[in-house]
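Residue numbers (this note's numbering), protein chains in the order written: chain R, 1 to 361; chain U, 362 to 700.
To start, the structure itself, in C-alpha cells.
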Amino acid sequence: MTNSPANASPLTAGHDAIPGDLHLAVAHLRTTRRRRLGLVLGGCGAALAALGTLGLMLGDSTIAPGTALLAAFGAGDGGDLFVVQQLRLPRVLAAILVGAMFGLAGALFQSTLRNPLASPDILGIAAGASLGAVSGLLAFGLAGIAVAVSAFGGGLAVALAIWFLAWRRGLHSIRFVLVGVGFAYLCQAFMTWLLARADEREAASALLWTVGSVADIRGEDLGILAAGAAVLVLGVMAVARTQGPLALGDDNARALGVRVDAARVTTLLLAVGLVALATSFAGPVAFVALVAPAIARRVLSDGGPALLASTAVGALLTLTADLIGNHHVFGVTAPVGIVTGLVGAPYLLWLLATNERKERR
Amino acid sequence: MTPRPEPAEVRTDHGTTSAAPVGTTPGTASAPGTGSAPTDAASATGTTPPPATGPAAGTASAPGTADAAGPTLRAESVVLGYDGRTVIDGLDLHLPAGRITAIVGPNACGKSTLLRGMARLHPLSGGSVLLGDRDVSTMSRRELARAVGMLPQSSIAPDGVRVAELVARGRYPHQGWFGRHSSDDDAVVASALAATGVADLADRPVQDLSGGQRQRVWIAMVLAQQTDIVLLDEPTTFLDVRHQLDLLDLLTSLNRERGTTVAMVLHELNLAARYADHLVVMSAGRIVAEGDPGEVLTSDVVRGAFDLESDVVPDPVSGTPMVVPRGRFHTADRATRPA
C-alpha cells in the first residue's frame, strides 16, 4: 500500500494531504450514510402509509381510499366511520406498533449480543413472555396491564436462565443459541399443558398467545401498548449510542469508554420489555424480531446497529403480513404470526446454513 | 499541539536523530477543545530547549526529560489474575512519557494481562494504576478513554462497516449523550485516516481489506480517540514481516511527530529491540529486566526469560541488539556453543 521510502514517513505525507479534500470526503461519506438512512425510513414510511390506507379500505365492505382516510381522522358518515374507527384503524395501528416493537427489540438483541441469531424468537424470550401471559390469564386470572407485567416476568426469567447457563461462555457460541432453543421448547410445552387443562372457551382466547395476532387490539389496549412502547423507546434512546462501540468487541468498547456490562444489561432489559409488552397484547409474532434487523442491516450496509431502520422494517413486515393473512391472499385467513412464520422460517434456515462460514473469519 | 522534542539520546544509532519533523498537526489542531492540560504541558516543554541533547549522552535513557512531556501511566504493585489464579503479583511499571515502550516475554508470562490491567480492561486484584497522579479507578471510563487509547487483541469489525465509519467510532468518548458527529469529528477522522495511510480506503468495507490494512484502520480508530497515550496488545500478530515493519514505522512516526506515548506487547524480540526506546522483559508475571534495549537485551536475560540459549549480536541495520537463538540442531560451529 504505502511504499514510502524509510525516511519519508506516511504520517508526514498524510498531513500534507489532509486539509480540505479528505476532510470533505469524510464529511461527504457521513452525509451519504445519513441520506441513505433517510431514504430507507422515508421509503418504509411511504409504504406504511400506502399499505395502511389499503388496510382501511379492504374488508367485508370495500371503502374508497378518500372516504377511508377521512374516516380515519374522524370525518364521514355512520357505517364507514364505525368500521374504520372501530375495526380497521386499530388493527392497522396495532400491526405497525407491534411490528415496530419486535423489530427494534430484535435489533437491540442482535447488536448488543453481536449475534444475528440472538433474536427473542430463537432464544425463547418471546416464548417465555407468551408463557408468562398465558399463565397470567389462565392460572391467575389476570387482565390488562397485569398480563403485560406477567409476560415481562416470563421473558426476563428466560433471559436470566440463559445468562446463567450460556452467556458467560461467550456470546458467539452455538451453545448460547442452543440453550435458548431449549428454553423456547420448554416454554411451548408448558404453554400447551396450560391450554390443554384450561376450559375450552378460555383456551380458545388464550390460543392467540401461541400464534400471534393483531386482530383484537383496540381502544384502551392500543393506548397502553403505545404508552408503554413510548417509555421503552425513551430508554432505548439513552443506550442507542453505546451500540456502535459495543459491536467492536467488549475490550474495544471498554477502551472507548463504554461501561459494557451496564450498557448490555440495560439494553437487554429494554429489549425484553419491548418483546414482553408486544407479546402480552399480540402474542409472539414469529420471526419479525429475527428478520427485520437483518433486512435493515443489509439495506443500510453500514455496519451499524440499524435500530431505526429495523423498527421501520419490522412495522412494514408486520403490516404486510397482517394484510396478507387477513385478506385471503393465499385463499385462507390466518393470523399475522402464521404469515410472518412462513416468511421467517426459510430465512432462519438460510442464516443457520451460512452462519458457520461467517464465524470462521 | 507542538510535537515533543525527539528523545535524541536514545536514537543515536538510527542516523535519523535530527529528523524529527517540526510541523504542526493540522487535523488535531483544528479541533478546538480537544487539547487539554497534557498537550499544553507538551507544548510548554517544546519551547524550552531540551536539557540533554548531546549525542554523547549515548545509551543513557533520561526519564527526567521525558517526565515533563505529559501524563505518565504507571502501575504500582498491581495484582492481576483470572478466576482466583494470580498471574501478576505486585508489579511496578512506569511507561516513560513520549517514548515507545515494548513489552516482551514468553507466552503466558502476563504481558497482555498487564497491558489490559493498565488500560482498565482487566480488573485489578490489588495495587493501582496511575495516570499522572490520579488513580485511574477513580476516573470514569469516558474520562480515561480521552487520555489512554488501547487496541486490544480481539477486535471485531461489524459486517459491512466502512473504514471511515469504523474510525469515527474512536470519537465516542468525545461525544455527548445524544452526540452526533460534528465537523470537528470529521477533521479528526480525516487526520487519523491520513496519518495511518488509509485515506484512499475510507469508503471500503473493512472486511474486504488485507490484514495489514485492517490493522492500520484499527490504529486509525485509536488515533481518532486523540489520546496522549496509546497501548497496543500484539499489534503485529498475524502480519507478515513487511507489514510488521510498516506498522512499527507508523507507530514510530506517531511517537516522533505527535509525541504520543506508545506501549505495546510484541512477540518479535529483534523488532522490539529495534523500535523500542524502553524495553520491558517479563517472565512468569515479573519484570526481569527493563531499560534501554541495548543494555537490557543480553543472552543472559534471554536465557532467564525464555529458557533459550542465544547469541546477541548488533543488528546490522539498526545497531540495536539482535537475538540469534540456538536450538538443538543447525549450529554451524559446535565449539562456540556454550557449555
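Cβ atoms here follow ideal geometry from the backbone N, Cα and C, with glycine treated the same way.
Cβ neighbours of residue i in the same chain (closer than 7 Å, five flanking residues each side left out)
i	result
R/L194	V134, S135, L138 and A139
U/L576	Here the sequence assigns Gln to residue 576 of chain U, which means Leu is not the residue at that position. P596, L600 and L608, listed in sequence order.
R/F58	It is worth fixing the name first, because residue 58 of chain R is Leu in this sequence and not Phe. Here the set comprises H327.
U/A560	L554
R/L41	L308, A309 and A312
Limits of the unbroken alpha helix (DSSP H) element including residue i
i	result
U/A604	The question names Ala, yet the displayed sequence has His at residue 604 of chain U. Start and end: V602 to R619.
U/D561	No alpha helix (DSSP H) holds U/D561; DSSP gives it neither H nor E.
R/D221	E220 to V239
R/V260	V260 to A282
R/R33	H23 to M57
U/D545	S544 to A556
U/S473	K472 to M479
R/S130	I125 to L138
R/S61	Where R/S61 is concerned, there is no enclosing alpha helix (DSSP H), given that its DSSP letter is neither H nor E.
R/T333	Careful: R/T333 lies outside any alpha helix (DSSP H) and carries neither H nor E.
R/V92	L89 to T112
R/Q188	I174 to R197
Alpha-carbon spacing of residue i relative to residue j, whole angstroms
i	j	result
R/W163	R/I174	14 Å
R/V181	U/E437	47 Å
U/P513	R/D251	6 Å
R/P335	R/S213	5 Å
R/A309	R/A296	5 Å
U/R477	U/S644	17 Å
R/M191	R/N326	26 Å
R/H28	U/V524	14 Å
U/A413	U/T613	Confidence at U/A413 is low in this model, with a pLDDT of 38, below 50, so its placement is unreliable and the value that follows should be read with caution. When rounded, the distance between both Cα atoms is 21 Å.
U/G471	R/L270	38 Å
R/V291	R/D322	16 Å
U/A551	R/A107	30 Å
R/G155	R/V272	6 Å
U/V522	R/H328	41 Å
U/H455	U/R495	14 Å
U/V602	U/S660	24 Å
U/A418	U/S515	Unreliable placement is indicated for U/A418, whose pLDDT of 36 sits below 50; no coordinate value is reported for it.
R/A206	R/A196	11 Å
R/T318	R/V92	10 Å
R/A286	R/A64	32 Å
R/D216	U/G442	56 Å
U/Q587	R/A262	25 Å
R/A304	R/L232	Residue identity differs from the one stated: residue 304 of chain R is Gly in this sequence, not Ala. Between R/G304 and R/L232, the C-alpha separation is close to 21 Å.
R/A345	R/G314	16 Å
U/H691	U/T598	27 Å
R/Q188	R/G337	15 Å
Own chain, CB closer than 6 Å to residue i, minus 5 neighbours either side, in chain order
i	result
U/L491	R435
U/L592	L476, A480, M511 and A624
R/V236	L270
R/V179	I162, L165 and A166
R/R264	T112
R/T311	A100, G103 and L104
Nonlocal neighbours in the same chain, by C-beta distance under 8 Å from residue i, ignoring five residues either side
i	result
U/D668	P467
R/A151	A129, S130, G132, A133, G136, A276, L277, T279 and S280
R/R177	It should be noted that the sequence gives Val, not Arg, for residue 177 of chain R. Answer for R/V177: N115, L117, A118, I122 and L123, listed in chain order.
U/V673	L658, T659, S660, V663, P682, M683, V684 and V685
R/L69	T53 and L56
U/G558	R577 and L611
Beta bridge counterpart(s) of residue i as assigned by DSSP
i	result
U/I590	U/V509 and U/T622
U/L491	U/R435 and U/D496
U/D672	U/V685
U/S644	U/R647
U/D450	U/V440
U/G652	U/L640
Delimiting residues of the beta strand (DSSP E) encompassing residue i
i	result
U/R577	Where U/R577 is concerned, there is no enclosing beta strand (DSSP E), although the alpha helix (DSSP H) it sits in stretches over G572 to A585.
U/A463	I461 to V465
R/I145	Premise fails: R/I145 lies in the alpha helix (DSSP H), I145 to L165, not in any beta strand (DSSP E).
Taking contact to mean at least 3 C-beta pairs separated by less than 8 Å, is the segment 461–477 of chain U in contact with the segment 633–642 of chain U? Because the criterion of three Cβ pairs below 8 Å is met, the segment 461–477 of chain U and the segment 633–642 of chain U touch.
Report yes or no: do three or more beta-carbon pairs, one from the segment 245–262 of chain R and one from the segment 495–508 of chain U, lie closer than 8 Å? With a cut-off of 8 Å, the segment 495–508 of chain U and the segment 245–262 of chain R count as touching, because enough Cβ pairs lie within range.
Would the segment 655–664 of chain U and the segment 680–689 of chain U be scored as touching if the rule is three or more Cβ pairs under 8 Å? At 8 Å Cβ cutoff, the stretches touch.
The segment 337–357 of chain R in contact with the segment 84–92 of chain R per 3-pair CB rule at 8 Å: Segments in contact, no.
Count the CB pairs spanning the segment 141–150 of chain R and the segment 221–234 of chain R that are closer than 8 Å, and state whether there are at least three. Contact annotation: the segment 141–150 of chain R touches the segment 221–234 of chain R, with at least three C-beta pairs closer than 8 Å.
Looking at C-beta atoms only, is the number of pairs between the segment 572–589 of chain U and the segment 492–501 of chain U that lie closer than 8 Å three or more? Not touching, per the Cβ criterion.
Residues within the segment 514–531 of chain U neighbouring chain C, beta-carbon criterion of under 8 Å: Among the protein chains of the structure shown, namely R and U, there is no chain C.
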